[in-house]
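For reference, the structure is listed below as structure tokens.
Numbering (our numbering), first residue to last: 2 to 213.
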């Protein structure tokens with residue numbers, strides 16, 4: 002009999018809102034419709050959710066989005082982040098890669114008058130850097146991968162996560178979709194393990210992704 006795995010919890014961040022398991026944790030309505038600003042929203046969400054990580058403000062926007070969504074989920078796991086290594090794998094994906102940061106880096110290169118590419122910007126011109134930020138904060142030392150698809154790919158997440166769990170390479174897997182391009186952003190992350198109420202199958206992943 003094939004071993005089954007389950008979705009324990011899930012988080013959305015989009016439309017100026019942060020939610021956990023379908024329940025809104027933080028919401029911010031812009032003063033004027035159409036003036037949504039991601040940088041302001043994510044900083045306010047960080048403060049409201051009492052996320053304690055000073056390096057957050059040095060990250061690029063994609064990493065901030067991924068980090069906050071992951072933190073909302075991992076806080077509930079009561080991980081020992083001082084002494085133990087936590088065997089949680091990361092499988093993330095999006096369609097824009099690190100495009101938002103790439104543009105900032107390219108603009109610095111093209112500025113002949115003030116040519117000085119910033120190392121602080123350049124370091125984030127790979128989408129998987131956000132995985133490192135999450136891993137450092139929560140002491141995650143299992144496998145991690147970041148995939149680029151033209152749309153949300155529930156089947157890939159399901160197959161890869163189940164494979165890691167079945168092979169014993171991870172005790173839990175944090176996976177999902179984290180996409181950002183200027184002020185257009187969307188995060189959907191979920192935690193999968195042996196126990197839980199929602200079976201980890203493509204139809205359920207897609208259903209949760211489309212909830213908000």
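We put the CB at the ideal spot given by N, CA and C, even for glycine.
Beta-carbon proximity list for residue i, same chain, < 6 Å, skipping 5 on both sides
i, result
"residue 72", "52"
"residue 177", "189, 190 and 191"
"residue 205", "199"
"residue 70", "12, 14, 188 and 190"
"residue 181", "62, 63, 66 and 101"
"residue 163", "6"
"residue 142", "86"
Where the beta strand (DSSP E) containing residue i begins and where it ends
i, result
"residue 94", "89–95"
"residue 28", "24–28"
"residue 189", "185–194"
"residue 180", "173–182"
Simplified DSSP assignment, three categories, for residue i
i, result
"residue 73", "helix"
"residue 1", "Nothing about residue 1 can be read from this structure; the chain reaches only from 2 to 213."
"residue 20", "strand"
"residue 64", "helix"
"residue 202", "coil"
"residue 99", "coil"
"residue 212", "coil"
"residue 133", "helix"
Neighbourhood of residue i by C-beta distance below 7 Å, restricted to the same chain and skipping five residues each side
i, result
"residue 57", "47, 65 and 68"
"residue 30", "17"
"residue 49", "27"
"residue 161", "92"
"residue 45", "29"
"residue 4", "167"
"residue 22", "10 and 11"
Neighbourhood of residue i by C-beta, 8 Å cutoff - its chain only, sequence neighbours within 5 removed
i, result
"residue 150", "94, 95, 96 and 157"
"residue 194", "6, 7, 9, 166, 172, 173 and 174"
"residue 42", "17 and 29"
"residue 196", "7 and 9"
"residue 209", "8, 11, 189, 191 and 199"
For residue i, the first and last residue of its enclosing alpha helix (DSSP H)
i, result
"residue 48", "39–49"
Runs of alpha helix (DSSP H) wholly within the stretch 140–169 (minimum 4 residues, chain order)
Taking only runs of at least 4 residues, the alpha helix (DSSP H) segments lying wholly in the stretch 140–169 are 155–168.
If we count Cβ pairs, one from each stretch, closer than 8 Å, do we get three or more for the stretch 9–28 versus the stretch 150–169?
No, the stretch 9–28 is not in contact with the stretch 150–169.
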